[in-house]
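Enquirer:
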Amino acid sequence: MLITCPYCGPRDVIEFAYQGDGNRERPQPASQDLDAWNAYVYDRLNPAGDHNEIWQHAGGCRAHIRVVRNTLTHEISSTAFAHGGHRSATRHKTEAKS
Amino acid sequence: MAEYSAFSLLKNALSGNKDWKPAWRKPDPKASYDVIVIGGGGHGLSTAYYLAKEHGITNVAVLEKGWLGSGNVGRNTTAVRSNYLLPSNTRFYEHSMKLWENLSHDLNYNVMFSQRGCLNLAHTPAQFDDYARRGNAMRHLGVDAELMTVDQIKRLVPALDVSGSARFPVIGGLMQRRAGSARHDAVAWGYARGADRRGVDIIENCEVTGFLRDGDRITGVSTTRGEIRARKVALAVAGSTGRVMQLAGIDKMPIESHVLQAFVSESLKPIIDTILTFGMGHFYISQSDKGGLVYGGDLDGYNSYAQRGSLPIVDEVMSEMLALFPGLARVRMLRSWGGLCDMTMDGSPIITTGPLPGMYLNCGWCYGGFKATPASGFCFAWTIAKGEPHELNAPFTLDRFYRGLFIDDKGQGATPRLH
Ligand SMILES: Cc1cc2nc3c(=O)[nH]c(=O)nc-3n(C[C@H](O)[C@H](O)[C@H](O)COP(=O)(O)OP(=O)(O)OC[C@H]3O[C@@H](n4cnc5c(N)ncnc54)[C@H](O)[C@@H]3O)c2cc1C
Ligand SMILES: [Zn+2]
Chain X
1 MLITCPYCGP
11 RDVIEFAYQG
21 DGNRERPQPA
31 SQDLDAWNAY
41 VYDRLNPAGD
51 HNEIWQHAGG
61 CRAHIRVVRN
71 TLTHEISSTA
81 FAHGGHRSAT
91 RHKTEAKS
Chain Y
99 MAEYSAFSLL
109 KNALSGNKDW
119 KPAWRKPDPK
129 ASYDVIVIGG
139 GGHGLSTAYY
149 LAKEHGITNV
159 AVLEKGWLGS
169 GNVGRNTTAV
179 RSNYLLPSNT
189 RFYEHSMKLW
199 ENLSHDLNYN
209 VMFSQRGCLN
219 LAHTPAQFDD
229 YARRGNAMRH
239 LGVDAELMTV
249 DQIKRLVPAL
259 DVSGSARFPV
269 IGGLMQRRAG
279 SARHDAVAWG
289 YARGADRRGV
299 DIIENCEVTG
309 FLRDGDRITG
319 VSTTRGEIRA
329 RKVALAVAGS
339 TGRVMQLAGI
349 DKMPIESHVL
359 QAFVSESLKP
369 IIDTILTFGM
379 GHFYISQSDK
389 GGLVYGGDLD
399 GYNSYAQRGS
409 LPIVDEVMSE
419 MLALFPGLAR
429 VRMLRSWGGL
439 CDMTMDGSPI
449 ITTGPLPGMY
459 LNCGWCYGGF
469 KATPASGFCF
479 AWTIAKGEPH
489 ELNAPFTLDR
499 FYRGLFIDDK
509 GQGATPRLH
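Heads up: the protein sequence lines correspond to chains X and Y, in order. Under this note's numbering, the first sequence is numbered contiguously, ending at residue 98. Under this note's numbering, the second sequence is numbered contiguously, ending at residue 517.
#1: Do Y:G318 and Y:A328 have their CB atoms nearer than 8 Å?
#2: X:Y52 versus chain Y: which residues are under 7 Å apart at the beta carbon?
#3: Would you check if there are 3 or more beta carbon pairs closer than 8 Å linking the segment 364 to 378 of chain Y to the segment 435 to 453 of chain Y?
#4: May I ask whether a heavy atom of ligand 4 can be found less than 7 Å away from the beta carbon of X:G60?
#5: Using only CA atoms, which one of Y:D299, Y:F190, Y:R214, Y:S130 lies nearest to Y:P493?
#6: In chain X, what lies closer than 8 Å to Y:Y403 by C-beta?
#7: Within the 8 Å Cβ cut-off, does X:V68 reach chain Y?
#8: For the beta strand (DSSP E) containing Y:F361, list its first residue and its last residue.
#9: Counting only runs of 3+ residues fully inside the segment 206 to 285 of chain Y, write out the beta strand (DSSP E) ranges in chain order.
#10: May I ask you to verify whether the segment 126 to 134 of chain Y touches the segment 252 to 270 of chain Y, counting CB pairs closer than 8 Å and requiring at least 3?
#11: If you reduce the DSSP assignment to three classes, tell me which class Y:L503 lands in.
#12: What would DSSP say about Y:T321, mapped onto helix, strand or coil?
#13: Among Y:G456, Y:F211, Y:L245, which one has its Cα closest to the Cα of Y:D387?
#14: Taking 8 Å as the CB-CB cut-off, is X:L45 touching chain Y?
#15: The beta strand (DSSP E) with Y:G390 in it runs from where to where?
#16: Please confirm if X:I65 has its CB atom under 8 Å from at least one CB of chain Y.
#17: Starting from the N-terminal side, write out each stretch of the alpha helix (DSSP H) that is 4 residues or longer and does not extend beyond the segment 453 to 487 of chain Y.
#18: Under DSSP, the beta strand (DSSP E) around Y:I136 begins and ends at which residues?
#19: Could you check if Y:C477 belongs to the surroundings of ligand 1, using beta carbon to heavy atom distance under 7 Å?
#20: Name the DSSP beta bridge partners of Y:V412, please?
#21: Which residue comes first and which comes last in the alpha helix (DSSP H) that contains Y:S168?
#22: Taking any Cβ of chain X, which residues in the segment 339 to 373 of chain Y have a Cβ under 7 Å from it, in chain order?
#23: Taking only beta carbons into account, state which residues of the segment 494 to 506 of chain Y come closer than 7 Å to chain X, listed in chain order.
#24: For X:H83, does the three-state DSSP call read helix, strand or coil?
#25: Answer yes or no: do X:A63 and X:Y7 have a C-beta to C-beta separation smaller than 8 Å?
#26: Between Y:I482 and Y:N218, what straight-line distance do the alpha-carbon atoms span, to the nearest angstrom?
#27: If contact means a Cβ-Cβ distance below 8 Å, which residues of the segment 420 to 454 of chain Y contact chain X?
#28: Any heavy atom of ligand 1 inside 7 Å of the beta-carbon of Y:E414?
#29: For X:N70, which residues does DSSP report across the bridge?
#30: By the criterion of Cβ-Cβ separation under 8 Å, what are the contact partners of X:I14 in chain Y?
#31: Pull up the distance between the alpha-carbon of Y:R323 and that of Y:G347, whole angstroms please.
#32: Would you say X:R87 lies against chain Y (beta-carbon separation less than 8 Å)?
#33: Whole-angstrom Cβ separation of X:R66 and X:N46, contact assumed at under 8 Å?
#34: Between which residues of its own chain and X:C61 is the CB-CB distance below 7 Å, once the five residues before and five after are set aside?
#35: Following the continuous alpha helix (DSSP H) through Y:T188, name the residue where it begins and the one where it ends.
Structure below.
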């Protein structure tokens, strides 16, 4: 599987560290909303199909990247910096490889 | 039910083995049942078996989307053990171990349960201390555990590199002698036959595509073979839990689906007579009765519903094998395959009533549900029959995360891919 880092370009999956479900929202640190904390820490969307997830290019530029990947085919439909970042989001398709 | 005996073998041999009955019927689904079990894997079939055997509930259907054994029950590496640390896990898996020890007899079906032991290797003093603690915890609860020295390990597994120059020198290990392996397909077939003979309908090629409801209450399922009603609907779909729960409108669970790979080599003469786990990486190996080395390692590491694996893990598993057994470098790999694991946030399973009325849920088996097959079915059948958990599965609730009562045997927190 190749993941295209918006900074470094297409790189092998072994350079990346998986950070999981990208739909979760971290509550404010002072929040005492148990439901919100529980949802953030434990609940996962886990779809069979397109999945919005976070990866870190740990063996490269170390940027956090938002990746949309199909969990059935491993086809990646988009990658972008997870928190905006200095380059605009890129859109591209990579071959489904695994 | 004893169809298999020395006498029946002889009789059928003399008549050319033409008169054996099929192990289970192929009935069409009825319009309704008392209980529908979704998923014809080991857990679904054992649940149906114990529903009939222990609770006299026989108006039951097991619905399987493929053929029996096409899921993880036929894809795993067959390690059976009860060497856990936390009491709720130890009690549950030890109950399973006791059922395994009598299973061939109980089912009148040879599941080839072989208690060849399971040895966890330690490579640092801290790890060895940790195993001593685990062994003590096990013995407290009446489970067998033994610390082993390097000399003992060398005698037990001569092919293992225990020299000081090994990449990760071995300094000792923790052995559970009653652990072992079983013929996984036979486990599914044996339970299927036992349930079928007690009246359970096992319906293959019948995929559940939706749930019938009356308000919140689940009242049946829609399938590729029509609608089927039931008073109780029980899920045991292993790695497909996320998908099937979405059909019931529940789109978030404390679960991620991951793929786990396994490998088998060409047949060799006997070189290893136990199950060995490598404490420095994530690798384990045993030898099948046919002579193939059966081994595996980590998850691929990201959500997946593809029943096949990726190459980086193949690479990693092979290098870990060679770190332990340099002498296997030229052995050829015969096959590799993948199965879907539903990884929970604490690495422990969920066996519970709900989460919707009329529904019962058995899931979250992570890497290790094969060993649980008998106890899982036993406890799940109890929960379905009585509408409340058996004391052994009472801790394995769905809301334990919310309530702060997780069962985190490895101490790895809410990171499913690390369990
Ligand atoms: C490579 C690998 C190695 C493993 N090694 C070990 C090991 O050594 N020891 C150990 O204890 N555990 C091991 N496990 C884990 C173990 O195999 C599983 O935890 C356990 O088998 C899961 O329970 P099951 O047998 O009921 O699941 P499965 O056999 O997967 O049963 C679930 C069934 O549900 C069916 N299903 C899914 N969706 C639907 C639907 N919509 N309608 C109808 N049917 C449906 C599936 O087709 C499947 O047959 C391993 C797993 C893998 C993948
Ligand atoms: Zn990068």
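All C-beta atoms in this analysis are idealised placements derived from N, C-alpha and C, irrespective of residue type, glycine included. In this text the structure is predicted, and so the values were computed from the model without any measurement.
Expert: Quick answer:
#1: In this structure, Y:A328 lies closer than 8 Å to Y:G318 by Cβ.
#2: Residue identity differs from the one stated: residue 52 of chain X is Asn in this sequence, not Tyr. None at all; the shortest Cβ gap to chain Y is about 11 Å.
#3: no
#4: Ligand 4 is absent from the structure shown, which contains only ligand 1 and ligand 2.
#5: Y:F190
#6: A48, T71, L72
#7: Answer no: the Cβ-Cβ gap between X:V68 and chain Y never drops below 8 Å.
#8: For Y:F361, the enclosing beta strand (DSSP E) has its first and last residue at 353 to 365.
#9: 216 to 220, 244 to 246, 270 to 274
#10: no
#11: coil
#12: Strand.
#13: Y:F211
#14: yes
#15: 390 to 401
#16: no
#17: 471 to 484
#18: 130 to 136
#19: no
#20: Bridge partners of Y:V412: none, in fact.
#21: Y:S168 -> no alpha helix (DSSP H), and no H or E assigned at all.
#22: Result list: G340, R341, D349, K350, M351, P352, I353, E354, S355.
#23: Of all residues in the segment 494 to 506 of chain Y, F499, Y500 have a Cβ within less than 7 Å of some Cβ in chain X.
#24: coil
#25: For X:A63 and X:Y7, yes; Cβs fall inside 8 Å.
#26: Here the alpha carbon of Y:I482 sits roughly 36 Å from the alpha carbon of Y:N218.
#27: Flagged, chain order: M443.
#28: no
#29: X:D50
#30: Close to X:I14, with beta-carbon spacing below 8 Å, are these residues of chain Y in chain order: P410.
#31: 21 Å
#32: Residue placement at X:R87 is poorly supported in this model, since its pLDDT is 47, which falls under 50; the coordinates still yield a value, given next. Cβ-Cβ to chain Y under 8 Å: no for X:R87.
#33: Between X:N46 and X:R66 the Cβ distance is about 17 Å, and since that is not below 8 Å, they are no contact.
#34: C5, Y7, C8
#35: 185 to 199
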